[in-house]
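Numbering (the UniProt record's numbering), first residue to last: 1 to 186.
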């Protein structure tokens, strides 16, 4: 039997190997990874007390990551991002595009490029807002009037028609003893 499942006793491989030798596990029930592990054992046996290798971690930042981090640290994001919308760029993408264009010109230092890019982004967003507002008003001015007139005509037609007479429903089974209409009388 496997006894304890602590890693101090042995690895998972040695425990499965013991189960197979003792007959507690049939050979056809052994895990898929067992044969691969037996054919290609690790160079160093995995053990709980073996110290982890000291490997220096490399920085994998791109240049745009540093710029984006600076943007988000100094400015709160004020937009809602839809992950389904692939047509529209986010504010940080627009900022990085402007920043890259200014940086490629090479006339300013990084801080001036950053500030200029922020100003251009704010200006671009303001222009987008005004154009979207104008487009919104233009697209919805005429249909709203049509809907109002249609709605008004529907109400006028409803006023002209006499109300339909209420038909009394007879209870299907008077033997049941409950008259629903009498419950809701005023």
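We put the beta carbon where it would ideally sit given N, CA and C, even for glycine.
| Check | Outcome |
| --- | --- |
| Where residue 67 falls, given that 16 or more other Cβ within 10 Å makes a residue buried | buried |
| The alpha helix (DSSP H) enclosing residue 16, as first and last residue numbers | 12-22 |
| C-alpha gap between residue 24 and residue 64, whole angstroms | 58 Å |
| Nearest-angstrom beta carbon gap, residue 108 and residue 102 [assumed within contact, 8 Å] | 7 Å |
| Whole-angstrom distance between residue 48 and residue 21, CA atom to CA atom | 24 Å |
| Spatial neighbours of residue 117 in its chain, beta-carbon cut-off 7 Å, leaving aside the 5 residues before and after | 95, 98, 99, 102 |
| Residue 89 versus residue 83: straight-line alpha-carbon distance, rounded | 11 Å |
| Buried or exposed (CB count within 10 angstroms, at least 16 for buried), residue 114 | buried |
| Helix, strand or coil at residue 108 according to DSSP, with G and I counted as helix | coil |
| Residue 32 to residue 60 span [Cα, whole Å] | 36 Å |
| Residue 79 beta carbon less than 7 Å from that of residue 93 | no |
| Residue interval of the alpha helix (DSSP H) (run including residue 36) | 32-39 |
| CB contact flag (residue 14, residue 46, <7 Å) | no |
| Cα-Cα separation, residue 126 to residue 138 | 18 Å |
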